[in-house]
Amino acid sequence: MNKKVLITGATGFIAQKMIHLLLEKGYKINTLSRKRIVDPRINSFLWDIEKNQVEETAIEEVGCIIHLAGENIGAKSWTIEQKEHIISSRVKSTHMLFELLAKKKIMLDCYIGASATGFYGNVNDHIVDEESPAGHNFLAETCVLWEKAHQNLLSFTKRHIIMRIPMVLDANQGAFPKLIISYPLSLNYFGKGDQYMPWIHVEDLCKVVLFFMENTTTKGIYNINAPENTRQKEFIKILAQLKKPISPVFGIPSIAIKMGLGESASLVLDGQCCSSKKLVQTGFQFQYGMLSECLKNLVK
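In structure tokens:
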């Protein structure tokens, strides 16, 4: 396999962890981002999705694209303008890659595109797999458009993979630090806390991507959450037991969440019980497949 990889959304914490792993494994890295990355180990290129501008040499001699670009869905309130930006940052950036591959007449060994377990909407107790239908809320509708854009690149790659990514857990970045921000006063779940909350440790996510790159039998759509499905209240209780001193646990009423966050309250109030059986059957082994081991690693 060609060991030159292009990673988009390269300033995000997931991409940064991924770059570190791939460099360790001997891969050559090109990146596409809005701001130039100063790192002598990689080749950094710029693009402006809103202006449809890209440094085209970013894609030359690349064997694999890992497409992670997309506006942070939890960064701002979901105004009409922000919702349009969330969608366009995903769909338009993917279309730009499509146009670039077509123009350069490049055939990739592998294309790996990001989506989210939010594809399923608010299903909670109903177990969903990759064949289950899309939900009907904003995040689900965004994922549908996102995945349709990914599918356009099928003719430019030998293998095409879409990852439905859950909440990614990292000790210092992403959602996890926000969950413990109120400590030592208390740890909080949202609403009744019975909603399922699919998750994956950031190190496992990076290893999943490397596995997809190197395992030539993998293709199609995969839920990549850890196999252990956990309700939000149970997640918080396990986390509380690991804190010293043990933290009290309280629920924040749904109405308060909705008043504060508006439509984006669905990010913490909706639940998906996702099966990752398809991924496990490929032979991939999670380092942090059990929540208790994952959280021990994060709070050590």
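Each residue of the sequence shown is one higher than the one before, starting from 451 at the first, in our numbering. Beta carbons: idealized from backbone N, C-alpha and C, even for Gly.
Inset, instruction - Excluding the 5 residues preceding and the 5 following Leu473 in the sequence, name in chain order all residues of the same chain whose CB lies nearer than 8 angstroms to its CB. - result: Ile479, Arg491 and Ile492
Inset, instruction - Could you say if the stretch 512 to 525 and the stretch 556 to 567 meet the contact criterion of at least three C-beta pairs nearer than 8 angstroms? - result: yes
Inset, instruction - Enumerate, from N- to C-terminal direction, the unbroken beta strand (DSSP E) stretches of 3 or more residues contained entirely within the stretch 455 to 521. - result: 478 to 483, 493 to 498 and 514 to 517
Inset, instruction - Please go through the same chain and pick out, in chain order, the residues whose beta-carbon is closer than 8 angstroms to the beta-carbon of Ser527, but skip the five residues on each side of it. - result: Leu711, Gly712 and Ser714
Inset, instruction - In the DSSP assignment, find the unbroken alpha helix (DSSP H) run with Asn747 in it and report its ends. - result: Leu741 to Val749
Legend entry - Met546, DSSP secondary structure in three states: helix
Legend entry - For Ala599, the nearest candidate out of Ala465, Gly563 and Lys533 (CA to CA): Gly563
Inset, instruction - Check Tyr561 in the structure and name its three-state DSSP category. - result: strand
Legend entry - Leu637 in three-state terms, based on DSSP: strand
Inset, instruction - Measure from the alpha carbon of Lys454 to the alpha carbon of each residue in Lys727, Lys467 and Thr481, then state which is nearest. - result: Thr481
Inset, instruction - Starting from Gly670, follow the beta strand (DSSP E) in both directions and report where the run begins and ends. - result: Gly670 to Asn673
Inset, instruction - Using the Cα positions of Val594 and Leu717, report the straight-line distance between them to the nearest angstrom. - result: 17 angstroms
Inset, instruction - Look at the alpha carbon of Tyr570 and the alpha carbon of Glu521, and state the distance between them as a whole number of angstroms. - result: 20 angstroms
Inset, instruction - Consult DSSP for Thr732 and reduce its assignment to one of helix, strand or coil. - result: coil
Legend entry - First through last residue of the beta strand (DSSP E) which encompasses His651: Trp649 to His651
Inset, instruction - May I have the straight-line CA-CA distance separating Ala460 from Ile469, to the nearest angstrom? - result: 8 angstroms
Inset, instruction - Kindly list the residues whose CB is nearer than 8 angstroms to the CB of Glu506, restricted to its own chain and excluding five residues on each side of it in sequence; keep chain order. - result: Leu550, Lys553 and Lys554
Legend entry - Neighbour-count burial assignment, Asn638, 16 or more Cβ in a 10 Å radius: buried
Inset, instruction - Return the residue from the list Ala519, Lys683, Cys723 and His651 that minimises the CA-CA distance to Cys744. - result: His651
Inset, instruction - Give me the Cβ distance between Pro648 and Pro616, rounded to the nearest whole Å; I'm assuming they're in contact under 8 angstroms. - result: 3 angstroms
Legend entry - Straight-line gap, Ala625 to Phe463 (C-alpha atoms, nearest Å): 11 angstroms
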